[in-house]
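In the numbering used here, the protein residues as written are 23 to 152.
The beta-carbon is built from N, C-alpha and C at its ideal position, and this holds for glycine as well.
Report on the following structure.
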């Protein structure tokens with residue numbers, strides 16, 4: 023079953039402005055009526071502590087190497103960027119997941135920049151003919 027995560031960076035010139043921006047993001051996510059694979063937390067784990075949020079971003083930066091290191095021997099990692107209008111990103115993501123399923127790319131993943139309508143596709147492909 024496919025799953026996903028959203029890593030959101032919020033900023034504000036002042037502490038109250040940052041809190042307001044975080045509240046707006048939480049309200050937007052709550053209003054999206056997402057389907058959760060597991061019971062979710064009642065609040066989202068936003069952190070203002072650099073040593074905490076830096077870990078989240080370091081994990082994000084390590085996703086492509088992690089996917090690449092888990093591929094089968096004799097395959098290559100393919101990375102491709104795709105983009106669309108932001109309001110079509112959800113539909114495009116569902117279509118990509120269906121395509122991965124249809125063609126047997128069980129190790130494929132999508133990650134990207136939602137506010138820019140951009141996804142990085144990472145998958146492995148063997149080119150042997152035997």
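- When DSSP assignments are scanned along the region 62-91, the uninterrupted stretches of alpha helix (DSSP H) that are 4 or more residues long and fall wholly within it turn out to be 72-83, 85-91.
- Along the length of the region 87-136, whole beta strand (DSSP E) runs at least 3 residues long occupy 97-105, 131-135, reported in chain order.
- Straight-line measurement puts the Cα of residue 54 at about 20 Å from the Cα of residue 41.
- Each residue's CA atom was taken as its position, placing residue 113 and residue 121 some 12 Å apart.
- In the DSSP annotation of this structure, residue 144 is not part of any alpha helix (DSSP H); the continuous beta strand (DSSP E) holding it starts and ends at 140-148.
- Cβ neighbours of residue 86 within its own chain (closer than 6 Å, five residues either side excluded): 144.
- A distance below 7 Å between beta-carbons, with the five flanking residues on each side excluded, links residue 139 to the following residues of its chain, in chain order: 105, 106, 107, 108, 111.
- Per the coordinates, the alpha-carbon of residue 91 lies some 12 Å from the alpha-carbon of residue 100.
- Of the candidates 56, 70, 79, 70 places its Cα closest to the Cα of residue 38.
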